[in-house]
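All residue numbers for the sequence shown refer to my numbering, where the first residue is 3 and numbers rise by one.
Idealized CB from N, CA, C, for every residue including glycine.
Note that the structure is predicted; figures quoted are calculated from it, not measured.
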Amino acid sequence: MKVLKFGGTSVGSVDSIKQVIGILENNLATGEKIAVVFSAMGGVTNRLIEIGKMAASGNSEYTEFLKVVEERHFVIVRGLINVKNQSSTFAAVRGLFNELGDILKGVSWIRELSTRTMDLIMSFGERLSTLVITEVLKSRGVAAEFCDARQIIRTNDTYGMGDVNFEITNQLILEYFAKVNALQCVTGFISSTKEGITTTLGRGGSDYTASIIAAALDANSIEIWTDVDGMMTADPRKVTNAFTIPSISYSEAMELSHFGAKVIYPPSLQPAFAKNITLKVLNTFNIGFEGTFVQKVANKKEFPITGISSIDEIALVNIQGSGMIGVAGISGRLFTALSNNAISVILISQASSEHSICFSIDPKDSLKANEVLNQEFASEIDHGYIDSITIEKNLSIIAIVGEGMKKSTGVSGKLFSVLGKNGINVVATAQGSSELNISVVISKSDLSKALNAIHGVFFHSETRSLNLFVVGVGLIGKTLLEQIKNQTKYLREEKFLNLNIAGLSNTKKMLLDPDGIGSEQWKERIEGEGVKTSLPAFVQRMIELNLPNSVFVDCTSDKDIVQYYNMLLDASISVVTPNKVANSGTYAEYISLQRTALKRGVKFLYETNVGAGLPIINTIQGLMSSGDKFLKIEAILSGTLSYIFNSFGPGIRFVDVVKEAKAKGFTEPDPRDDLSGADVARKILILAREVGVPLESEDVKVTQLLPENCLQAPTVESFFDELIISNDYFATLQANAESNGEVLRFIATLENGKAVVELRTVNQQHPFYTLSGSDNIISFTTERYKDRPLVIKGPGAGAEVTASGVFADIMSISSYLG
Numbered sequence: 003m004k005v006l007k008f009g010g011t012s013v014g015s016v017d018s019i020k021q022v023i024g025i026l027e028n029n030l031a032t033g034e035k036i037a038v039v040f041s042a043m044g045g046v047t048n049r050l051i052e053i054g055k056m057a058a059s060g061n062s063e064y065t066e067f068l069k070v071v072e073e074r075h076f077v078i079v080r081g082l083i084n085v086k087n088q089s090s091t092f093a094a095v096r097g098l099f100n101e102l103g104d105i106l107k108g109v110s111w112i113r114e115l116s117t118r119t120m121d122l123i124m125s126f127g128e129r130l131s132t133l134v135i136t137e138v139l140k141s142r143g144v145a146a147e148f149c150d151a152r153q154i155i156r157t158n159d160t161y162g163m164g165d166v167n168f169e170i171t172n173q174l175i176l177e178y179f180a181k182v183n184a185l186q187c188v189t190g191f192i193s194s195t196k197e198g199i200t201t202t203l204g205r206g207g208s209d210y211t212a213s214i215i216a217a218a219l220d221a222n223s224i225e226i227w228t229d230v231d232g233m234m235t236a237d238p239r240k241v242t243n244a245f246t247i248p249s250i251s252y253s254e255a256m257e258l259s260h261f262g263a264k265v266i267y268p269p270s271l272q273p274a275f276a277k278n279i280t281l282k283v284l285n286t287f288n289i290g291f292e293g294t295f296v297q298k299v300a301n302k303k304e305f306p307i308t309g310i311s312s313i314d315e316i317a318l319v320n321i322q323g324s325g326m327i328g329v330a331g332i333s334g335r336l337f338t339a340l341s342n343n344a345i346s347v348i349l350i351s352q353a354s355s356e357h358s359i360c361f362s363i364d365p366k367d368s369l370k371a372n373e374v375l376n377q378e379f380a381s382e383i384d385h386g387y388i389d390s391i392t393i394e395k396n397l398s399i400i401a402i403v404g405e406g407m408k409k410s411t412g413v414s415g416k417l418f419s420v421l422g423k424n425g426i427n428v429v430a431t432a433q434g435s436s437e438l439n440i441s442v443v444i445s446k447s448d449l450s451k452a453l454n455a456i457h458g459v460f461f462h463s464e465t466r467s468l469n470l471f472v473v474g475v476g477l478i479g480k481t482l483l484e485q486i487k488n489q490t491k492y493l494r495e496e497k498f499l500n501l502n503i504a505g506l507s508n509t510k511k512m513l514l515d516p517d518g519i520g521s522e523q524w525k526e527r528i529e530g531e532g533v534k535t536s537l538p539a540f541v542q543r544m545i546e547l548n549l550p551n552s553v554f555v556d557c558t559s560d561k562d563i564v565q566y567y568n569m570l571l572d573a574s575i576s577v578v579t580p581n582k583v584a585n586s587g588t589y590a591e592y593i594s595l596q597r598t599a600l601k602r603g604v605k606f607l608y609e610t611n612v613g614a615g616l617p618i619i620n621t622i623q624g625l626m627s628s629g630d631k632f633l634k635i636e637a638i639l640s641g642t643l644s645y646i647f648n649s650f651g652p653g654i655r656f657v658d659v660v661k662e663a664k665a666k667g668f669t670e671p672d673p674r675d676d677l678s679g680a681d682v683a684r685k686i687l688i689l690a691r692e693v694g695v696p697l698e699s700e701d702v703k704v705t706q707l708l709p710e711n712c713l714q715a716p717t718v719e720s721f722f723d724e725l726i727i728s729n730d731y732f733a734t735l736q737a738n739a740e741s742n743g744e745v746l747r748f749i750a751t752l753e754n755g756k757a758v759v760e761l762r763t764v765n766q767q768h769p770f771y772t773l774s775g776s777d778n779i780i781s782f783t784t785e786r787y788k789d790r791p792l793v794i795k796g797p798g799a800g801a802e803v804t805a806s807g808v809f810a811d812i813m814s815i816s817s818y819l820g
């Protein structure tokens with residue numbers, strides 16, 4: 003024997019009911035005895051509630067709404083029953099609507115709608131759907147009978163959610179089913195008192211009906227047919243990577259259901275639990291999928307948690323005061339007062355000092371709770387033993403559930419870590435000693451972000467996402483997007499990582515799409531769908547989207563963009579950039595960015611500020627973190643100047659080398675911008691700050707490379723003329739160096755807290771002597787690398803290596819957040 007239950011979406015249309023009929027016929031063909039429970043058609047119960055309230059308010063338009071509901075049922079009859087057999091079903095349906103119309107007319111006359119009357123009005127949803135489907139089955143030759151659950155399920159007179167009298171109910175069910183042979187089509191959700199007055203089992207009570215009947219008949223299993231592929235690891239409407247849980251225990255299902263999982267109704271598990279009956283959660287629209295098995299003991303799982311559930315909106319009540327410490331009975335009085343006023347508590351958290359108790363409730367009960375508790379503790383409040391009672395709204399609860407938590411260490415640490423790294427504040431938390439559930443209360447605005455972040459961390463075999471917002475799609479930005487496109491398949495298959503381009507901006511247009519712009523069609527989309535660029539609007543929208551694992555990637559050299567870095571970091575959005583402006587501004591601004599990132603638990607990464615893709619800053623930070631001390635840094639940090647002085651030699655005019663560098667695209671349009679050493683000064687300033695030397699830009703001494711006549715030339719052309727005039731000056735520098743067995747190098751040095759940028763000569767023993775091409779090179783002399791300095795050398799410029807460095811920073815963030 004098994005009991006099947008079909009939800010509202012399963013019986014909501016002609017096509018869906020055809021699916022249901024097929025499932026029932028397949029079951030009947032096996033010869034196994036079954037009973038089936040039906041919910042009201044999807045949305046009908048809500049509409050009946052609305053119609054009842056309209057009638058009670060005297061709004062006569064309720065009759066039009068009622069006609070719409072009636073026609074919806076007639077559509078099913080016309081679509082599934084032959085014309086010659088429709089009349090009797092139409093008559094039965096009209097009879098029920100006439101009865102309902104009379105009730106509503108009475109409500110409209112007396113302008114009162116009691117909970118008892120609302121139960122009766124709501125009962126018509128299940129009565130109508132079950133009647134129609136029973137007649138459809140009969141028209142197809144199935145021996146089916148309509149069963150009004152009010153005949154077999156008895157409750158007390160608590161209308162809205164009746165308490166089942168199981169002793170009487172079980173006896174009635176056994177007696178009823180002993181006398182019938184046909185397939186019983188049972189109305190879900192509804193029941194009656196011993197006087198025969200209609201009651202209901204609470205919203206979602208059709209599951210409960212199926213469980214009550216199955217337990218009374220000692221059924222082998224219960225099948226809950228719905229519109230999803232079973233119980234999911236999280237709400238798929240909020241977490242796109244959620245997937246079906248193949249097997250789950252009763253205890254886990256109860257916890258998930260209590261904290262918002264809507265696939266099954268919590269009380270429905272209780273009769274099944276008592277009789278050790280297996281529940282199967284199946285999809286009416288995907289009958290080949292195995293769904294979820296809910297059993298006393300679940301199969302072993304791959305992950306430490308089974309699922310994540312949430313309640314979208316709760317209110318948090320906090321009672322505190324020094325007068326509560328050591329006073330017995332406070333909690334008893336508190337929860338008794340709430341119980342006596344039918345206020346249900348969802349979560350409880352109490353400080354070990356007994357100084358405060360906080361608990362969450364349904365927001366609609368918050369005013370009542372405030373009134374009840376102020377009345378209960380009036381004396382303590384008057385005497386100052388208890389502070390005023392506070393109620394905080396716009397909060398949500400997230401619960402991670404799983405029996406595997408008790409066997410896995412670090413689950414709570416991982417939970418709070420991922421929340422912290424995404425800037426999500428935990429207002430309250432609770433964990434039972436059974437280690438089955440850890441619940442946290444957070445801001446409602448952070449709910450979706452938190453669910454996705456938690457799911458990505460705990461269900462790591464599923465693809466995690468990093469949401470990238472890229473500003474600047476010129477040479478570096480465009481190259482970065484190309485590199486991401488080329489690595490997409492590898493990252494998804496090998497690293498289970500999806501780099502989601504959620505925002506793009508260039509100087510003309512910007513586009514934000516949390517679902518992803520795509521690294522392949524980004525040009526077409528930003529051109530076709532983008533709006534006029536506004537950096538403030540771009541930043542504000544990025545913050546408003548509040549996506550988990552968000553990263554702002556600034557691929558520009560724009561001085562205005564850096565003003566938003568602090569705001570972004572403070573909003574728990576990591577920042578990656580090759581833009582040197584922020585870190586070479588004032589020392590106070592540099593420290594502010596570092597501290598904000600640290601405080602918010604996000605990353606501010608700028609490896610490409612110095613040396614493009616070379617691991618310079620990461621090396622410094624690693625050495626500093628491990629306790630090493632920097633004695634001296636020497637560096638050639640300009641690819642342009644490196645090329646010029648590596649190429650300048652005997653018989654070669656300095657002006658020709660500079661012209662060649664310009665022709666190759668190594669220099670700025672005006673080469674004096676490179677030859678001034680200003681860019682090198684910014685880079686050594688950044689390195690100085692990284693090793694703990696608090697320099698300002700004016701503290702960096704730059705020895706002028708060019709003669710005054712070259713600097714004062716009014717145009718680039720005249721600058722080159724002046725270089726020709728000054729040829730002897732540069733030739734003499736080169737000749738003097740060569741006579742000493744040395745070469746010219748433009749070097750930045752940090753030593754004894756002082757930074758100097760100058761043209762120097764180095765001999766063959768110096769690591770910079772053999773430098774060639776446009777490479778950068780840096781030498782670290784530290785306490786640990788005192789005798790033989792640590793040297794890093796390689797390309798220090800170019801779109802490919804710079805974009806690669808930015809990409810590496812992004813991957814570093816993915817590892818940190820994952």
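Cβ-Cβ distance between residue i and residue j below 8 Å
{"i": "A212", "j": "S249", "result": "no"}
{"i": "F540", "j": "M512", "result": "yes"}
{"i": "I635", "j": "F782", "result": "yes"}
{"i": "A750", "j": "V764", "result": "no"}
{"i": "A57", "j": "G127", "result": "no"}
{"i": "V420", "j": "V429", "result": "no"}
{"i": "V578", "j": "I780", "result": "no"}
{"i": "K4", "j": "I53", "result": "no"}
{"i": "T65", "j": "S125", "result": "no"}
{"i": "G518", "j": "N502", "result": "yes"}
{"i": "E405", "j": "E254", "result": "yes"}
Assumed close pair residue i, residue j - CB separation to whole angstroms, cut-off 8 Å
{"i": "G505", "j": "C557", "result": "Incorrect: roughly 13 Å between the Cβ atoms, too far for contact."}
{"i": "E522", "j": "K487", "result": "6 Å"}
{"i": "G325", "j": "I388", "result": "6 Å"}
{"i": "L616", "j": "G412", "result": "The Cβ separation is near 35 Å, so there is no contact."}
{"i": "F179", "j": "L219", "result": "6 Å"}
{"i": "I426", "j": "I402", "result": "With 8 Å as the limit, I426 and I402 do not qualify as a contact, their Cβ atoms being about 14 Å apart."}
{"i": "I400", "j": "D364", "result": "Not quite, the Cβ-Cβ distance comes to about 17 Å (not below 8 Å), so this is no contact."}
{"i": "A151", "j": "V182", "result": "The Cβ separation is near 14 Å, so there is no contact."}
Burial state of residue i, where buried means 16 or more other Cβ atoms lie within 10 Å
{"i": "H75", "result": "buried"}
{"i": "W111", "result": "exposed"}
{"i": "E137", "result": "buried"}
{"i": "N87", "result": "exposed"}
{"i": "Q714", "result": "exposed"}
{"i": "S720", "result": "exposed"}
{"i": "K302", "result": "exposed"}
{"i": "Y645", "result": "buried"}
{"i": "F460", "result": "buried"}
Per DSSP, the bridge partner or partners of residue i
{"i": "Q186", "result": "A37, E147"}
{"i": "W227", "result": "F8, L284"}
{"i": "K634", "result": "E753, T783"}
{"i": "V533", "result": "M512"}
{"i": "I350", "result": "F361"}
{"i": "Q297", "result": "S251"}
{"i": "N158", "result": "None; N158 has no bridge partner."}
{"i": "I794", "result": "I780"}
{"i": "F606", "result": "V577"}
Meets three-Cβ-pair contact criterion under 8 Å: the segment 232-244 and the segment 304-320: yes
Inter-stretch contact at 8 Å, needing at least 3 Cβ pairs: the segment 224-234 / the segment 154-170: no
At least 3 beta-carbon pairs within less than 8 Å: the segment 579-593 vs the segment 688-697: yes
Segment contact, 8 Å Cβ cut-off, at least three pairs: the segment 697-711 with the segment 659-670: Too few Cβ pairs lie closer than 8 Å, so no.
At least 3 beta-carbon pairs within less than 8 Å: the segment 650-659 vs the segment 803-811: no
Three or more C-beta pairs below 8 Å linking the segment 602-616 and the segment 561-576: Because the criterion of three Cβ pairs below 8 Å is met, the segment 602-616 and the segment 561-576 touch.
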